[in-house]
Amino acid sequence: MAEQRKIALVTGGSRGLGKDMALRLAEKNFDVIITYHSKIDDARAVVSAIQSVGSKGHALKLDVSQAASFDAFASEVKAALKKEFNAEGFDALVNNAGTGLHVPFSDTTVEQFDSMVDIHLKAPYFLTQKLLPLINDGGSIVNISSGLARFSFPGYSAYGTMKGAIETLTRYQAKELGERRIRVNVVGPGAIATDFGGGIVRDNKELNSMISNLTVLGRVGEADDIGGVVAFLCGDDAKWVNAQRIEVSGGIFV
Ligand code: NAP
């Protein structure tokens, strides 16, 4: 009987960092389910790119701000695993989807704060909880944090606080899921030139050059600086890496 291929699920895999993670996982012989929120055409293009390297790909719609929908989403994942991959479970979950918020502490509203809680804390917590029965023993989870959990930039108090929380959550998940040999690690990207935050790191020359000057390797990050690290953490090469935070920033504020 043919060996069951490994399957990864990457939230927010239609663009930016999640897209690169999905493609790098596919290159490492994972079949990949990606989720998208609004951009179905981008998601379809990523699925085609996954298929072009010989892996299977599938896209599902998910709004991570709606925790009440996670039971239904888990059922959709279960059905897709059966139909598209002939599998009962999957091996790697990457909690990546998210949007930014740049507002001074003094002006942040309860609604803005709550949206960050929903997207960056409640989602990795409860989505992972609901998907847990579908994650194979011996699998892995990668949570996506940010350099902003370690250092502070004005305007990111709510966002950075959530990213700090996901790093704490990572250690608790690793502790409790160890009995099923599920490894849990967290990746903290530095500032990366994607659509994130309205594309500010990519498009705002002043910010781009300020970050480049603060970074040992002398530039801002690109999406393809991140995906390979996540794919490594999901795979067997990282089988003894657990409960770790890896910052992928070219060395900022060293
Ligand atoms: P991006 O280019 O803006 O892409 C965001 C992705 O998340 C897209 O796939 C989008 O789907 C999806 N998404 C957005 N809102 C969603 C929602 N409510 N529910 C479900 N999916 C949603 O952002 P990125 O730069 O790749 O960021 C990805 C992750 O890295 C985030 O967790 C972010 O906090 C973190 N991060 C980014 C940076 C950076 O500088 N870029 C630095 C550190 C950490 P659609 O395409 O369908 O809209």
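Residue numbers (the working numbering): 1356 to 1609.
Built from N, CA and C at the ideal position, the CB exists for glycine as well.
Asked	Found
Rounded to whole angstroms, what is the Cα-Cα separation between Phe1508 and Ile1499?	18 Å
List the residues that DSSP assigns as beta-bridge partners of Pro1544.	Val1603
What does Thr1390 pair with, by DSSP beta-bridge criteria?	Leu1415
Do Asn1540 and Gln1599 have their C-beta atoms within less than 8 Å of each other?	yes
Return helix, strand or coil for Asp1550, following the three-state DSSP convention.	coil
To the nearest angstrom, how far is the alpha carbon of Leu1448 from that of Asn1563?	31 Å
Let me make sure I understand the geometry here. Which of Lys1383, Ala1429, Ile1388 and Tyr1511 has the alpha-carbon closest to that of Thr1483?	Ala1429
Going residue by residue through the region 1448-1516, where are the continuous beta strand (DSSP E) segments of at least 3 residues, counting only ones entirely within it?	1490-1499
Mark Glu1443 as exposed unless 16 or more other C-beta atoms lie within 10 angstroms of its C-beta, in which case mark it buried.	exposed
Can you give me the Cβ contacts of Arg1557 inside the same chain, cut-off strictly under 6 Å, excluding the 5 residues immediately before and after it?	Ala1548
With a threshold of 16 other CB atoms inside 10 Å of the CB of Arg1379, please say whether the residue is buried or exposed.	buried
Mind checking who Ala1363 pairs with in its DSSP beta bridge?	Val1387 and Ala1447
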